[in-house]
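Peer 1: Sharing a structure, written as C-alpha cells. Questions coming.
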Amino acid sequence: MCIEMYDILNHNIQREANHLMGIKWYLSVQVSLFKRQIGEEDTWVYPVFRSSTKATHWNEDDIPIEESVEQINEKMELFCNLGSGWIFDRVLKIDLYIAQYNPLSGSSYIPTPKKLEHKKVSSSILNIKNLYDEECFMYCILAGIYNLNDENVESYLNLNHEIDFKSLKFPMQVKQIGTFENRNPKISVSVFGYEENTIYPLYISVNLDRKYHIDLLLITLEESSHFLLIRNKNTLFKHILYPKSHHEVHICDYCLNNLSSKQAHDNHVVRCKLVTPQHIKYPTSEENILKFSNFHTKIKQPITVYGDFETMCVDGKLIPTSYAYVIIDDTQTPIGFRAFRDSENVVKHFLSQLLRDINELENSRINYEHINWTPEDRETYANATHCHICEEIFDLSITNSDDPKAKVADHYHYKYKVNHNKVSKYNKPGKLRGAAHRVCNASFHKKFRVPVVFHNLKNFDGHLIISEIADFMRNSNLKFNCIPQTIEKYSTFSLGKLDFIDSLQFLNASLDSLVSLLEPEQMSITKHYFPQSEKFELLCRKGVYPYEYIDSYDKLEKVTSLPPKENFYSSLTETHINDEDYLHAQNVWNIFECKTLGDYQDLYNRADVLQLADIFENFRNTMLNHYGLDICNFVSLAQVSWTAMLKMTKVQLELITDPDIYLLFEQGIRGGVAVIPTRYAKIDPNETALLYLDCNNLYGAALSSYLPIGGFSFVSEDLIDKVLETHDESDIGFICEVDLHVPENLHDYMNDFPLAPTCEKVQSKKISPYQKHLLQDLNINHYPAKKLLTTLEPKMNYIVHYRNLKLYLELGMVLTKIHKIVQFNQSPWMKTYIDFNTAKRASADTKFSQELFKLASNAAFGRTLLNSKRYKNFRLFVDEKKAKTQVCKPTFKQFAIFNKDLVGVLYNKTVITLKSPIYAGMVTLEISKLIMYEYFYKILKVKYGEDRMRLCMSDTDSLLLHLKTNSLYEDMYSIIDTLDTSNYPPNHPLYSEKWKKIVGKFKDESPADLITEFVGLRAKMYTFSTINSHMKCVGKGIPRANINRLNLEDYKRCLMYKTVSHTRFNNILSRNHTLQVQAQSKLALSPYDDKRYLLRDGINTLAYGHFKIKELENE
C-alpha cells in the first residue's frame, strides 16, 4: 500500500476519532489476483480480505494501520499459498468501516452499581473516584500493590513507586494489559466484566505465579466504563454468582464455576485453562434432566407461507425482479397466493404485502372458548387415565380443580376465516383435544406466529430480505431476532410475527432433486392452481430458466420468444441444459401461452413456490404422522429429529453438573478417520483385487449401542481391572484418561490404520524430505493446522471409551498410566428410534420417504455434539444511539455496516449454559471408530493376514483395500454374515437381502463391478475406476460440476508428476447482504499431504511415530 494511502487512512481515522471522541474501525481490501497457466487463459479472482477491528481514541496519534495492513497481507499470503500460484495484480478497492466507540476501557468515575453496593459485597471492591481523569487502571494497580483502601485520588498521586505506566495510553484498554505485564514482570492482572447482574472473564493473566496479582472489575454505564479493584474475589464472586452457598467457595477464574475444595479447584484449573475463558454455567442437580418437554411442538401451525424470489444479474450483482408466495392452512389447502414483478422495490413490496395478509388472517381468528361436547367426547374424557400432552398418569385423588396436576379438558381454540369448509385433523375448533393436567393445558398453546419457508434462505433469499428490513424495523416497530452463524449468515430469523425458516436445513438437496422424489398425487398444492392435466404434468418437474441471459429488466418485458438453448447455460454449474430440458421449456412457453420472457419468469417463480410447498408439506405430514411433531416449530432437521427421539423413547438424560467431567468428555471428542495410507494401487486380475467397503449407517449403528444416560462420577484409578472386565452391554460404562504406547514390534502391523487417533497439528519438523521437496517445488508453505491423525506415537492424557480401550489393549497397545476414570450408567436408549427409522425406510413406498427416514436417524446425532460455547449474540440496529452502546460493550466482537440504515453487531454471550448431552456424541464417535477398527483388525486382518492386505483409503465409514487374492467373491462369501449384499444383481452368487439396510453391516460400494485402479492424493481427495469403465472422483471443497470434469488420469498425473491443478467456477457470495456472482479459482488437486510421512516414491507412507522414520532420517 502506498504512502499516500496510509496518509489518507490515517487522516480519516484521526478525524473521525476526534470528531466522535473514539471509534472502532477495520479495513476491507479487495484485490485482483491471477494465475498463469501454459496453454490456457489466465485465471482471475477478486477476493476481499478484512483486518480485525481496532479501537482509536480522540487523543491517539499512533494509528495501527500498518498492523491492519499486515493482517490483510498475511491473509492474502495464506490464500495465495493454499491456492498455489496466485500472482498479485492490484488493489481494486479499500473500504474503511467506522463505528463510534466510547471505549469500555477504564476511564472516569462511574458510581458503583446498586447490586454491588450491598454491604456484604461493597467491602470486597474499591471504586476510586477519579472524576477528572481517565487513569482508574493506574489507581487500582497502586491500591492493590500497596494495600490501600481509599476512594480519593489524592492518596495515590504522590506515591513513590517503580511501576511502569509510561507505555500505556489512558483510558486503559483491556488489550493493553499484556503490554503492562511485560513492562512489570512482578505483576499480573486479570479483568472481569460486570453486566446484567453477573460477572464474566475478560482477560485472565497467564502469569498468575508472579509476586503481585491484581484482579479488576470493569463496570459500564451506557457508553462509559470504569475499573474497580477487587479486594476480595471470593467474597465478591460468592455473593454475586453463588448467593445461596453457605460454604467457602473455590471459584475458577476461567469458567467461574465453584469447585468443592481447594484441591479440586487446582486440579480443575489445569484442564480449564486450556480453553477460552468464559462464564460457564452447568445445570444444577434440580434441573439436570433432559427429556421431551417442548409439548407445543406437537401443535400444527395453522398458517404457513412458502416463498421465493427471482433475480437478474446486473454487473455481477443479483437484483430481485419478482416474488411469489402461497399461504397454506392446516388442511394443506392454499388460502392465498401473491405474485409481483417489477424493476425495483420488490423486497419491500413482498414484506409489506405479506405483513398485511398475515395481519388480516390474525384479525379473522375466532376463539372458541367452550367445548362443543359430544357423548363420545364425554366418554373419552371420563376414561382417560393419562395426560394427552405429557403422557403421564393422572392422580385421580386430586379434587381441587385449581391444582396444577388436576384433570381438565383441553380443546382446539381457534378458527380462521378461509375460503373453504375443510376441517383439519390437527385443528378442530371447539372440539375436545384430550384430557390434560391443568398445568399442561395452560402451556399447550402457541402465540400467533407464522412460519415463512424459503429454500436456501440462509445463503440466498435471506440476504435479499435483510437488506431491505430497516424501514420495517423503524417505521412498523417490528422486532428482529435471529440465530447467527456469522455476522452475515443466519440459520433463521424473525420479523414481528413472521418466522423465516430455511427448508434446505431440513432437506439438504436442490429443489430439482426433491421435486423428482415426489409422485404426482403428492403435488396437491400445485394441482390446486393448475388443475388442467396438460399444465399440471408440465409442472410435476422442476422448470428451467435462463438466469444469466437476463441482465436487464427490459429483457423481461421486450423479449417475446423463448431464448435459444445456448442462453440457458449456467456458469455456476458450468452446464448447458439438454435437449429434453429445452423441449420442456418450449412446451411450457406454448402451453401456458407466454407472451414475454416476463410471463415465463412469473410462471417459473410461481411453480417454484408451489413445488416447494408440496415438498415441504409432504415432509411435514410424514413427520406429523410418524413422530407427532410439526417441523414448522423447528429450524433444522437435526433439531426436530432430536426432539422426535426424546418423544419416542421417553428417555430422561442426566446432564453433567461437574465441570471436570464435562471437560473430560468435551476434550475426548474426535471426528471420523479420513486418511490415504497407500496412494496408488492397480490390480493384477490373477493376483490382486481392490475392494471398497462402506458401513451401513455407521453412526446409526453406534447410536444403537449402549450410551451414557446418567450417574456420572469419578472413581478410583485402582478400578482399571474392573473397567477392562466390563461387558459391552453392562449397565455401567466408563471413559478413561490414560497414557498408551505402541510397541515397536507392532508398528508394521498397525502402520496402515493405527489405533487411538488424536487431534493435533503436524509441525514442519515431522514431515519427510519428499514432502519438503514437494513444498519447495510447488512453491507453497507448510501451515500447521489441527487435524485428526492416526499415528504410532505415544498417547499422553488420552481420553478413551472403555470399549475402545479394551480393543486397543487386546490388539497390543500398552497401558502405561491411568490419570482419571469416569463411571456412568448406560443403556441403548436411542436404539428404539434408530430401529424405527430403519424399518420405515426399508418399507417406504416412495423415494421421498426412504430419504426422509435415512436423514432422520443421522440428523439426531448432530444434536449430541452441540457446542453452546460457540454461541454468539447478534442484533440489527436502525437506531444509531443503541448501536453505539452495543459497540462499547466488553462482549463486543464485530460490527458490519450493511447499508446507510442498517448496522449489525455480533458479540459474545456473557454467560453460557451447557445443556447438551455431549457425552452421547463423544461416545458415539468412539464407538463408530471401534466398529471400523474391529472390522479391519478382527475380520479383515484375520482373513488376509499382514502381508496380503494394504489399506489404500479410509473415510470415516469406508475402507478401500488392496488385497492379494484371485478369488475375491469367494473370500467375501466366507465373511458373508458381516456383509449387506442386497445391492448385488439378483443373479450374483453373493446376492442376499438378509442384511438389507441393517446398520453396522458392510456393503460393497462397487457391487459386481471390480475396481481396477485407485489414486489417492490426500484425505477426501481420491478416485477409482472399474472394470466396466465406471469412475468415482472425490474432492472435498470442489463444486460437483467441477468434480464431474475430472478423471482418474488427472489424479494420476498430479501424483506421479507432482503437479497441481486448479478449478475455476462462479459462486454466489454475499457482501453486506448484497448478493454477487463472483468468479473464483481453487486448488483442485495437489500431491501434497501431511497426515502421513510420505516415502520417496510418493506412494507408500508411514504413520508418524513409526520406528523406521528415525532410520530413514539417519540415512
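When you read off a place in the sequence shown, starting at 1, and then add 1004, the result is the number in the numbering used here. Note that the Cβ used here is the ideal one computed from N, Cα and C, for glycine as well. Quantities reported herein were computed from a predicted structural model and do not represent experimental measurements.
#1: Short of 8 Å in beta carbon distance, which residues of its chain neighbour residue 1989, apart from the five on each side in sequence? Order them along the chain.
#2: Less than 8 Å between the CB atoms is what I'm expecting for residue 1326 and residue 1609, so what's the real figure, rounded?
#3: In three-state terms, what does DSSP make of residue 1109?
#4: Where does residue 2048 land, buried or exposed, given buried means 16+ other C-beta within 10 angstroms?
#5: Report yes or no: do the segment 1702-1716 and the segment 1310-1325 share at least 3 C-beta pairs separated by less than 8 Å?
#6: Check this for me: beta carbons of residue 1914 and residue 1155, under 8 Å apart or not?
#7: Hey, could you find the ends of the alpha helix (DSSP H) residue 1754 is sitting in?
#8: Buried or exposed for residue 1241, please, with buried defined as at least 16 other CB atoms from any protein chain shown within 10 angstroms of its CB.
#9: Would you report the Cα separation of residue 1815 and residue 1751, rounded to the nearest angstrom?
#10: Mind checking residue 1055: buried by the 16 CB within 10 Å criterion, or exposed?
#11: Spatial neighbours of residue 1097 within its chain, please: C-beta separation below 6 Å, excluding the five flanking residues on both sides.
#12: For residue 1660 and residue 1716, which I take to be in contact (beta-carbon distance under 8 Å), what is that distance rounded to the nearest angstrom?
#13: Beta-carbon within less than 6 Å of residue 1020's beta-carbon, same chain only, minus the 5 sequence neighbours each way: which residues are those?
#14: Have a look at 2096, 1638, 1181 and 1094 and flag the residue whose alpha-carbon is nearest the alpha-carbon of residue 1171.
#15: Provide the residue span of the alpha helix (DSSP H) that contains residue 1906, from first to last.
#16: Taking buried to mean at least 16 other C-beta atoms within 10 Å of its own C-beta, is residue 2008 buried or exposed?
#17: One question on the structure: do residue 1146 and residue 1152 come within less than 8 Å of each other, judged by their Cβ atoms?
#18: Would you mind working out which of 1521, 1621, 1652 and 1601 sits nearest residue 956, comparing C-alpha positions?
#19: Quick check: the Cα distance between residue 1119 and residue 1878, rounded to an integer number of angstroms?
#20: Take residue 1061 as the anchor and find which of 1123, 1138, 1048 and 1945 has the nearest alpha-carbon.
#21: In this structure, how does DSSP classify residue 1808 when only helix, strand and coil are distinguished?
#22: Quick one: what's residue 2020 bridged to in DSSP?
#23: Using a Cβ-Cβ cut-off of 8 Å (strictly less than) and excluding sequence neighbours within five positions of residue 2118, which residues of its own chain qualify?
#24: Report yes or no: do the segment 1346-1363 and the segment 1493-1509 share at least 3 C-beta pairs separated by less than 8 Å?
#25: Grab me the residues of residue 1905's own chain with a C-beta within less than 7 Å of its C-beta, minus the 5 sequence neighbours each way, in chain order.
#26: Output needed for residue 1822: all residues of its chain with C-beta closer than 7 Å, excluding positions within five of it in sequence on either side, in chain order.
#27: Nearest by alpha-carbon distance to residue 1260: which of 1289, 1272 and 1250 is it?
#28: Based on Cα-Cα distance, which residue from 1037, 1058 and 1059 lies nearest to residue 1049?
#29: Which same chain residues end up closer than 7 Å to residue 1143 when comparing Cβ atoms and leaving out the 5 residues on each side of it in sequence?
#30: What is the rounded straight-line gap between the Cα of residue 1109 and the Cα of residue 1193?
#31: Roughly how many whole angstroms lie between the Cα atoms of residue 1662 and residue 1775?
#32: Check residue 2110 in the structure and name its three-state DSSP category.
#33: For residue 1815, list the residues DSSP reports as bridge partners.
#34: Looking at the structure shown, is residue 1048 part of a helix, part of a strand, or coil, going by DSSP?
#35: What does the alpha-carbon distance come out to for the pair residue 1105 and residue 1184?
#36: Taking C-beta to C-beta, are residue 1868 and residue 1924 nearer than 8 Å?
Peer 2: Reading off the structure:
#1: Here the set comprises 1995, 2011 and 2012.
#2: The Cβ separation is near 5 Å, so the contact holds.
#3: Here residue 1109 scores only 49 on pLDDT, less than 50, and its place in the model should not be relied on; the value that follows carries that caveat. Secondary structure of residue 1109 (DSSP, three-state): coil.
#4: Counting Cβ neighbours within 10 Å, residue 2048 comes out exposed, since fewer than 16 surround it.
#5: In this structure the segment 1702-1716 does not touch the segment 1310-1325; the number of beta carbon pairs closer than 8 Å is below three.
#6: No; because the gap between Cβ atoms is not below 8 Å, this pair is not in contact.
#7: It spans 1751-1754 - the alpha helix (DSSP H) in which residue 1754 sits, taken as one unbroken run.
#8: Buried: at least 16 other Cβ atoms inside 10 Å.
#9: Taken atom to atom, the span from the alpha-carbon of residue 1815 to that of residue 1751 is near 12 Å.
#10: It is buried - the Cβ of residue 1055 has at least 16 other Cβ atoms within 10 Å.
#11: 1034.
#12: Yes, they are in contact, since the Cβ atoms of residue 1660 and residue 1716 sit about 6 Å apart, within 8 Å.
#13: The beta carbon of residue 1020 sits closer than 6 Å to those of 1027 and 1102, all from its chain and outside the five residues before and after it, given in chain order.
#14: Checked all of 2096, 1638, 1181 and 1094; the closest Cα to residue 1171 is 1181.
#15: Here residue 1906 belongs to no alpha helix (DSSP H); instead the beta strand (DSSP E) covers 1906-1912.
#16: Classification for residue 2008: buried.
#17: Contact: yes.
#18: For residue 956 there is no data in the structure shown, the boundaries of the chain being 1005 and 2119.
#19: Here the C-alpha atom of residue 1119 lies approximately 27 Å from the C-alpha atom of residue 1878.
#20: When only C-alpha atoms are compared, the closest one is 1138.
#21: The answer is helix: DSSP assigns residue 1808 an H, G or I state.
#22: Answer is 2026.
#23: Counting only residues of its own chain and dropping the five nearest sequence neighbours on each side, residue 2118 has no CB closer than 8 Å to any other CB.
#24: As far as the Cβ criterion goes, the segment 1346-1363 touches the segment 1493-1509, which means the pair count is three or higher.
#25: For residue 1905, where only same-chain residues beyond five positions count, the Cβ hits under 7 Å are 1474 and 1882.
#26: In the same chain as residue 1822, and ignoring 5 residues on each side of it, the C-beta atoms closer than 7 Å to its own belong to 1721, 1724, 1740 and 1742, in chain order.
#27: Of the candidates 1289, 1272 and 1250, the one whose C-alpha sits nearest the C-alpha of residue 1260 is 1272.
#28: Out of 1037, 1058 and 1059, 1037 has the C-alpha closest to the C-alpha of residue 1049.
#29: So the qualifying residues of the chain are 1132, 1134, 1157 and 1160.
#30: With a pLDDT of 49 at residue 1109, under the threshold of 50, the modelled position of this residue cannot be trusted; read the value that follows with caution. One C-alpha to the other measures close to 14 Å.
#31: Computed Cα separation, rounded: 45 Å.
#32: In the structure shown, residue 2110 falls within a coil segment according to DSSP collapsed to helix, strand and coil.
#33: Residue 1815 is not bridged to any residue.
#34: It is a strand residue.
#35: Here the C-alpha atom of residue 1105 lies approximately 23 Å from the C-alpha atom of residue 1184.
#36: Taking 8 Å as the cut-off, the Cβ atoms of residue 1868 and residue 1924 count as close.
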